[in-house]
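Number 60 in my numbering belongs to position 60 of the sequence shown; there are no gaps in the numbering.
A virtual CB, placed ideally from N, CA and C, is assigned to each residue, including glycine.
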Amino acid sequence: MRRGDVDVVIGSRLVKGGSMIYRGWLKESVSHLVNFIGPAAFRIPAKDITSGYRLWKKESLDAVWRKTKARNFEFYPELLLFAARQGSRMAEVPINFRPRTRGKSKMSFATSGWGYCKLFARTLFAR
């Protein structure tokens, strides 16, 4: 990013060197499904579109964050969708994601699953 050749750096669990210890088969399934379908459907040049670990150029983030309609975890791929549409350059770096050792996740399967369905419908049918 310092060289000016990318606008968004994504901490990716899905590139070589990255990993994730999953928290259950349901969350793992949703993550794999969204990360399998999403990049092709949304034309996002990244493998891990659900990762929340990102580094943005201020100008790139300012140009997209107000466009989002998502209110839950589908916010992450939606930001990348708008960034890709405006021509933002993206790169992924490996991260090793581990389950939390304290506290409780705010992610609900029902809320997240429904949010991803709405995002797919809103985006794919709006073309």
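For residue 35, the number of other beta carbons within 10 angstroms of its own is at least 16, and it is reported as buried. Rounded to whole angstroms, the gap between the alpha carbons of residue 54 and residue 122 is 24 Å. Every alpha helix (DSSP H) of 4 residues or more that sits fully in the region 54 to 109 is shown, in chain order, as 58 to 64 and 75 to 85. In this chain, residue 51 is not harboured by any beta strand (DSSP E), its DSSP state being neither H nor E. Taking one beta carbon from each stretch, the region 92 to 99 and the region 24 to 43 have fewer than 3 pairs nearer than 8 Å; the two do not touch. In the structure shown, the three-state DSSP call for residue 34 is helix.
For residue 8, the enclosing beta strand (DSSP E) starts and ends at 8 to 12. Between residue 89 and residue 5, the beta carbon gap of about 7 Å places them in contact (Cβ cut-off 8 Å).
In the same chain as residue 91, and ignoring 5 residues on each side of it, the C-beta atoms closer than 6 Å to its own belong to 6 and 9, in chain order. If you check the CB distance, residue 125 and residue 80 do not come in under 9 Å.
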